[in-house]
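Student: Protein sequence lines, in the order shown, are assigned to chains C and E. Its first residue numbered 6, the first sequence is counted upward by one per residue in my numbering. Its first residue numbered 442, the second sequence is counted upward by one per residue in my numbering. Glycine included, each C-beta is placed from N, C-alpha and C at the ideal position. Structure in structure tokens, see below.
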Amino acid sequence: MTELSNAVDIANAVRHGSVSAVAVLDEYLARIDARESSIHAFNLVTREQARAMAAKVDADVKAGRDPGPLAGVPIALKDNMCTRGVPTTCSSRILEGWKPPYDATVVTRLAEAGAVFVGKTNLDEFAMGSSTENSAFGVTYNPHDTTRVSGGSSGGSAAAVAAGFAAASLGSDTGGSIRQPAALCGVVGVKPTYGTVSRYGLVAFASSLDQIGPFTVDVRDAAVLLEAMSGHDPLDSTSIPQPALSVQGSLDRDVKGLRVGRITDLPGGSDPEVEARLAESFDALAAAGATVVNVELPSMKYGLTAYYLIAPAEASSNLARYDGVRYGLRVDAADTNAMYMATRAAGFGDEVKRRIMLGTYALSAGYYDAYYGKALKVRRLISDDFARAYQKADVILTPTSPIVAFPVGAKVDDPLSMYLCDVFTIPTNLAGHPAMSVPFGTGAHGLPVGVQVLAPTLGESVMFQVAAHLERVAPGGAK
Amino acid sequence: MPVTPQARISPDAVAKVARLARLDVTAAEVDRLTNQLAGMLEHFADIDALDLAAVEPMTQPYPLVNVFRDDVVKPGLDRDEVLAVAPAAEDGRFRVPPIIGLEG
Chain C
6 MTELSNAVDI
16 ANAVRHGSVS
26 AVAVLDEYLA
36 RIDARESSIH
46 AFNLVTREQA
56 RAMAAKVDAD
66 VKAGRDPGPL
76 AGVPIALKDN
86 MCTRGVPTTC
96 SSRILEGWKP
106 PYDATVVTRL
116 AEAGAVFVGK
126 TNLDEFAMGS
136 STENSAFGVT
146 YNPHDTTRVS
156 GGSSGGSAAA
166 VAAGFAAASL
176 GSDTGGSIRQ
186 PAALCGVVGV
196 KPTYGTVSRY
206 GLVAFASSLD
216 QIGPFTVDVR
226 DAAVLLEAMS
236 GHDPLDSTSI
246 PQPALSVQGS
256 LDRDVKGLRV
266 GRITDLPGGS
276 DPEVEARLAE
286 SFDALAAAGA
296 TVVNVELPSM
306 KYGLTAYYLI
316 APAEASSNLA
326 RYDGVRYGLR
336 VDAADTNAMY
346 MATRAAGFGD
356 EVKRRIMLGT
366 YALSAGYYDA
376 YYGKALKVRR
386 LISDDFARAY
396 QKADVILTPT
406 SPIVAFPVGA
416 KVDDPLSMYL
426 CDVFTIPTNL
436 AGHPAMSVPF
446 GTGAHGLPVG
456 VQVLAPTLGE
466 SVMFQVAAHL
476 ERVAPGGAK
Chain E
442 MPVTPQARIS
452 PDAVAKVARL
462 ARLDVTAAEV
472 DRLTNQLAGM
482 LEHFADIDAL
492 DLAAVEPMTQ
502 PYPLVNVFRD
512 DVVKPGLDRD
522 EVLAVAPAAE
532 DGRFRVPPII
542 GLEG
């Protein structure tokens, strides 16, 4: 693996003028040139735009203006975040070539913080998948083993950071789409509290679940990115009206006295090595003076069902907008209805069609109460379970993924087995809580394992406090 | 009464859902989707046994209600820029095929 620089060090060096943003960018572009053909992290490398952004950062430094906390940091954006004038595809034929007329709020905020955008990363089409194999533009391979998947749906963003193509990246997480690829690629991935990061300009998948978050090489970088992009945005009506999160202060705080929850009825089926790493993470926190407490989440096992009814139902509604009228693909036909049906049949891939069908069915007359209505009630049960658990525990630890990165093609013909990859990440989205994956040693074939730290709504400080400790004591030593 | 996976959704129901979802599907796709959706619905039957009568549905994770912006005129997206990326436009508007169907 390439030696990875972190975003904080890059920004400090650029702000103090000890290295230029253009020189940093050149190094990252050289790595992309050397290895992107075997990884395919990107749908588009925005070379010229990146050079212009880096040059502006350097000009600011020269003129004595502070370019911001992410000065000159090369950052990759998941290709479901709108970038004005730059193609945004969601890895779908239906949006191929579309250039949004506006920037997502996260894009604006990171640019204002001095970031340099190197490209748009590959994903499972419309963020539906757990392996980045459901992309209209090809698979993203795992930088640790290019015969294996990078996870998904934000596989391109995870792989870009793991391969050293970007110092950090952004992903979106609806049921684990940041945390699971972070675990499989051996990087840090954060899904913040629902409502803390604006989704204005994020192409919607399931609106009561979607949240944007960072991928980074270490926990401190994730804290810095989250602080730069969180905070109220009037353009997103689900944005919590409060200032940006403040989490850096908790990174060096002692974990002594914290109550760390272990789920006694955690769904089984994980790799033995994954279970061993989780046990070691509890031991490490106990050794540092934290108290491991048992918690029960009896409804967690129903999370998968609730999620795979709610998310497709919301998706079937959100994706109704791809009708060939205002943007993207149009397949001509004699009348509008025939045009809608032909356009959507040609533009969407199999997994997207499957989920639109499932969601439309779950919402249709006669089935709404049996499927969607019931799923919303199960969602409440899971949320109530968490509320009880957090009376006893400050954070909860689980594996991020039950398995390490699997071979490309291993699960493509069995959608349900792919869905089972999300068993530990889904409950967080249903509850709207924050959770993050921290690299913690390796599993089968020497592949990365992630431990997931879960916290209650707006519990980012204690979540980062525990994640930073796990990073310091992770097998294989600190970076 | 036990329900077999195939009994959970019929090919006719799949074809109807495809029409509701505005998706052209071939006969082969209907067969494949029927099998896949039936398998999923079978898995999702794990919640059938739960007593949910007294449970309040949860529709959103954070209790914000009635979020409005100030009622003031603000510039929207640039019309020409929006129409420039549309599949077809004419006279400052989106152009579409006839809305009255030819298929009845």
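Less than 7 Å between C-beta atoms, sequence neighbours within five positions excluded: which residues of the same chain meet that for residue 314 of chain C?
Tutor: Around residue 314 of chain C: 367, 376, 377, 380.
Student: Closer than 9 Å, Cβ to any Cβ of chain E: which residues of the segment 383-400 of chain C, in chain order?
Tutor: From the segment 383-400 of chain C, only 383, 384, 385, 386, 387, 388, 389 have a Cβ closer than 9 Å to chain E.
Student: Quick one: list the residues of chain C neighbouring residue 522 of chain E, beta-carbon separation under 8 Å, in chain order.
Tutor: Under the 8 Å cutoff, chain C gives 106.
Student: In chain C, what lies closer than 7 Å to residue 487 of chain E by C-beta?
Tutor: Those within 7 Å of residue 487 of chain E in chain C are 307, 310.
Student: Kindly say whether residue 448 of chain E, judged by its beta-carbon, lies nearer than 7 Å to any beta-carbon of chain C.
Tutor: No, residue 448 of chain E lies away from the interface with chain C (no Cβ there is under 7 Å from its Cβ).
Student: At which residue ranges does the segment 252-303 of chain C contain complete alpha helix (DSSP H) runs of 4 or more residues, listed in the order of the chain?
Tutor: Segments of the alpha helix (DSSP H) lying fully in the segment 252-303 of chain C: 277-292.
Student: At a Cβ threshold of 7 Å, is residue 465 of chain E touching chain C?
Tutor: For residue 465 of chain E, the answer is yes, since a Cβ of chain C falls inside 7 Å of its Cβ.
Student: Compute the Euclidean distance between the alpha carbons of residue 51 of chain C and residue 123 of chain C, then round it to the nearest angstrom.
Tutor: Their backbone Cα atoms lie some 5 Å apart in a straight line.
Student: In the DSSP assignment, the alpha helix (DSSP H) including residue 226 of chain C goes from what residue to what residue?
Tutor: Residue 226 of chain C -> alpha helix (DSSP H) spans 224-234.
Student: Mapping DSSP to helix, strand and coil, what is residue 312 of chain C?
Tutor: Here residue 312 of chain C sits in helix by DSSP.
Student: Please check the pair residue 479 of chain C and residue 446 of chain C, which I expect to be a contact at CB under 8 Å, by giving their CB distance rounded to whole angstroms.
Tutor: Contact flag correct, Cβ pair sits at about 6 Å.
Student: Excluding the five sequence neighbours on either side, which residues of its own chain have a C-beta within less than 7 Å of the C-beta of residue 8 of chain C, listed in chain order?
Tutor: Its pLDDT being 48, under 50, residue 8 of chain C is placed unreliably by the model, and nothing is read from it.
Student: Does the beta carbon of residue 365 of chain C sit closer than 7 Å to a beta carbon anywhere in chain E?
Tutor: Yes, residue 365 of chain C counts as interfacial toward chain E.
Student: Output yes if chain C places a C-beta closer than 7 Å to the C-beta of residue 531 of chain E; else output no.
Tutor: No - not a single Cβ of chain C is within 7 Å of the one on residue 531 of chain E.
Student: Would you mind working out which of C:326, C:389, C:350, C:356 sits nearest residue 477 of chain E, comparing C-alpha positions?
Tutor: Checked all of C:326, C:389, C:350, C:356; the closest Cα to residue 477 of chain E is C:356.
Student: Using C-beta distances below 8 Å, list every residue in its chain close to residue 420 of chain C, excluding the 5 sequence neighbours before and after it, in chain order.
Tutor: Once the five neighbours on either side are set aside, the close Cβ partners of residue 420 of chain C are 356, 359.
Student: Might you give, ordered along the chain, the residues of its own chain that have their beta carbon closer than 8 Å to the beta carbon of residue 443 of chain E, omitting 5 neighbours on each side?
Tutor: Confidence at residue 443 of chain E is low in this model, with a pLDDT of 44, below 50, so the placement of that residue should be treated as unreliable; the coordinate-derived value is given next. There are no such residues.
Student: Confirm, please, whether the CB-CB distance from residue 179 of chain C to residue 160 of chain C is below 7 Å.
Tutor: The answer is no: Cβ separation not under 7 Å.
Student: Select from the segment 339-356 of chain C all residues with a C-beta closer than 9 Å to any C-beta belonging to chain E, and list them in chain order.
Tutor: Residues passing the 9 Å Cβ filter: 339, 340, 341, 342, 343, 344, 345, 346, 347, 348, 349, 350, 351, 353, 355.
Student: What residues in the segment 492-518 of chain E have a beta carbon less than 7 Å from any beta carbon of chain C?
Tutor: Cβ contacts with chain C: 493, 496, 497, 498, 499, 500, 501, 502, 503, 505, 508, 510, 518.
Student: Output yes if chain C places a C-beta closer than 7 Å to the C-beta of residue 443 of chain E; else output no.
Tutor: With a pLDDT of 44 at residue 443 of chain E, under the threshold of 50, the modelled position of this residue cannot be trusted; read the value that follows with caution. Closer than 7 Å: no.
Student: Which two residues bound the contiguous alpha helix (DSSP H) that contains residue 364 of chain C?
Tutor: Where residue 364 of chain C is concerned, the enclosing alpha helix (DSSP H) stretches over 355-368.
Student: Using DSSP with H/G/I as helix, E/B as strand and the rest coil, what is residue 486 of chain C?
Tutor: The shown model of chain C, from 6 to 484, leaves out residue 486 of chain C, and the question about it has no answer.
Student: Where do the ends of the alpha helix (DSSP H) carrying residue 463 of chain E lie?
Tutor: Per DSSP, residue 463 of chain E belongs to no alpha helix (DSSP H) and is neither H nor E.
Student: Would you mind reading off the limits of the alpha helix (DSSP H) that contains residue 186 of chain C?
Tutor: Element bounds for residue 186 of chain C: 184-190.
Student: How about residue 572 of chain E: is its C-beta nearer than 7 Å to some C-beta of chain C?
Tutor: Nothing can be reported for residue 572 of chain E, as the shown portion of chain E is limited to 442 through 545.
Student: Output needed for residue 223 of chain C: all residues of its chain with C-beta closer than 7 Å, excluding positions within five of it in sequence on either side, in chain order.
Tutor: Cβ within range, chain order: 11, 193, 476, 484.
Student: Hey, quick one: how far does the beta strand (DSSP E) through residue 49 of chain C stretch, first residue to last?
Tutor: Note, residue 49 of chain C: beta strand (DSSP E), 47-50.
Student: What does the alpha-carbon distance come out to for the pair residue 219 of chain C and residue 511 of chain E?
Tutor: Distance between the alpha carbons of residue 219 of chain C and residue 511 of chain E: 31 Å.
Student: Kindly list the residues whose CB is nearer than 8 Å to the CB of residue 435 of chain C, restricted to its own chain and excluding five residues on each side of it in sequence; keep chain order.
Tutor: Hits under 8 Å: 214, 308, 311, 312, 315, 384, 387, 388.
Student: So which residues of chain E does residue 420 of chain C contact, with C-beta pairs closer than 7 Å?
Tutor: Per Cβ cutoff of 7 Å: 477.
Student: Nearest CA to the CA of residue 99 of chain C: which residue from E:461, E:457, E:527, E:535?
Tutor: Residue 99 of chain C has its Cα closest to that of E:527, out of E:461, E:457, E:527, E:535.
Student: Give me whichever residues DSSP pairs with residue 125 of chain C in a beta bridge.
Tutor: Partner(s): C:49, C:82.
Student: Mind pulling the alpha helix (DSSP H) runs of 4 or more residues that sit fully within the segment 487-544 of chain E?
Tutor: As far as the segment 487-544 of chain E is concerned, its whole alpha helix (DSSP H) runs of at least 4 residues are 520-525.
Student: I'd like to know if the segment 100-108 of chain C and the segment 37-47 of chain C are in contact, where contact means that at least 3 CB-CB pairs between them fall below 8 Å.
Tutor: With a cut-off of 8 Å, the segment 37-47 of chain C and the segment 100-108 of chain C do not count as touching, because too few Cβ pairs lie within range.
Student: Please check if any C-beta of chain C sits within less than 7 Å of the C-beta of residue 538 of chain E.
Tutor: Yes, residue 538 of chain E lies at the interface with chain C (some Cβ there is under 7 Å from its Cβ).
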